[in-house]
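Peer 1:
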Amino acid sequence: MFFRERATQAEYFDCPTRSPDDVALAFAELARINRIFRFAAPFQRLIPDSLGLERCRSLNILDLGAGDGSLGQTLAKWANQRGWRWQVTNLDTNPLALRLGRQTGNVAASAAALPFVDRSFDVVIANQMTHHFFTDDDVCRHFREAWRVANELLLLCDLHRSIALYCVLGAVLHLLRFSREIRQDGLLSIRRGWRVREWRRLAARAGIPNPRVSLYFGARIFLQARRRAEVRLKALSQAEIVKAEAFAPFVPAG
Ligand SMILES: C[S@@+](CC[C@H](N)C(=O)[O-])C[C@H]1O[C@@H](n2cnc3c(N)ncnc32)[C@H](O)[C@@H]1O
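Under my numbering, the sequence shown has 29 at position 47, and the numbering climbs by one with no breaks.
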């Protein structure tokens, strides 16, 4: 039945032979859609909610499937307005997309095989990227890798495979006269999107402990996972542990 299963057709965004001009045009149109649907808003709410305001003062963030890096740029600017410093590394398989942004420190690689050591980033995010994977095995690899390099918080977002969202987006893209390619890609990406139970199953298979999968206004799906404090302690260096123990209150035995 329609929408029961994920679609498996490729999008224009998946085509490796697009010209630089076509890629630039596609990302300009995507930026317009992202602005209409306020793509950064859930990250601006969920990161401080999850980590606390104090911890948000300085964060090292990895954005998977970042494209032109506009999400990271928007988040860094927003954080800066609050006196916070969020440094974002953009990772994407498409170097043409990465080159569109003005940011430095971009990494051309796959989200299923991350070239970073364990727990390299405070926060790992992704937006509208996971649906580009075709098989469950690839999604599991991507989830596992994202969790491996996250030291505190994993926050993955994608499109909810919903008929309501399909109709709303179809109307918006039509009324605002988006190009045929972006209309096709936009609607196809919803058909390649996700249901909550699918992400719960895949996150469990990827070994992510206590994942929280939820919908955001019925349109987006979020996977959140937070490392517990005691687990994080293991990531401290021996010197830091000694320092932490020195400050621990003394409790007499017996
Ligand atoms: C629809 S765009 C989303 C871009 C950006 N995250 C946003 O929200 O505007 C999907 C991006 O994922 C990238 N992508 C697809 N498969 C990928 C993979 N295996 N690893 C990393 N990036 C990937 C594409 O090159 C593209 O830039």
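We put the CB at the ideal spot given by N, CA and C, even for glycine.
1. So Q26 is in the alpha helix (DSSP H); what residue range does that whole segment cover?
2. Closest to N133 by C-alpha separation, out of A(-11), L33 and I18, would be which residue?
3. What number of angstroms, rounded off, separates the C-alpha of I29 from the C-alpha of C38?
4. If you draw a straight line from the alpha carbon of R67 to that of L41, how long is it in whole angstroms?
5. Would L155 pass as a contact of I164 if the rule is Cβ separation under 8 Å?
6. In the structure shown, what three-state DSSP assignment does F103 receive?
7. Leaving out five residues before and five after H124 in sequence, what residues of the same chain have Cβ atoms less than 7 Å from its Cβ?
8. For the stretch 47 to 63 and the stretch 100 to 110, state whether three or more C-beta atom pairs, one from each stretch, are separated by less than 8 Å.
9. Whole-angstrom Cβ separation of G237 and I15, contact assumed at under 8 Å?
10. Tell me whether Q110, by its Cβ, gets closer than 7 Å to a heavy atom of ligand 1.
11. Against chain D, with Cβ distances strictly below 8 Å, would L197 count as a contact?
12. Return the chain-ordered list of same chain residues with a C-beta closer than 6 Å to the C-beta of Q206, the five sequence neighbours on each side being excluded.
13. Determine the contact status of A48 and R174, defining contact as a CB-CB distance below 8 Å.
14. Taking the alpha carbon of F98 as the point to measure from, which residue in A128, N76 and R84 has its own alpha carbon closest?
Peer 2: Once the coordinates are examined:
1. A23 to L33
2. L33
3. 8 Å
4. 6 Å
5. yes
6. strand
7. A93, A94, T112 and F115
8. yes
9. Nothing about residue 237 can be read from this structure; the chain reaches only from -17 to 236.
10. yes
11. In summary, chain D is missing from the structure at hand, where a single protein chain is found.
12. L137 and R194
13. no
14. A128
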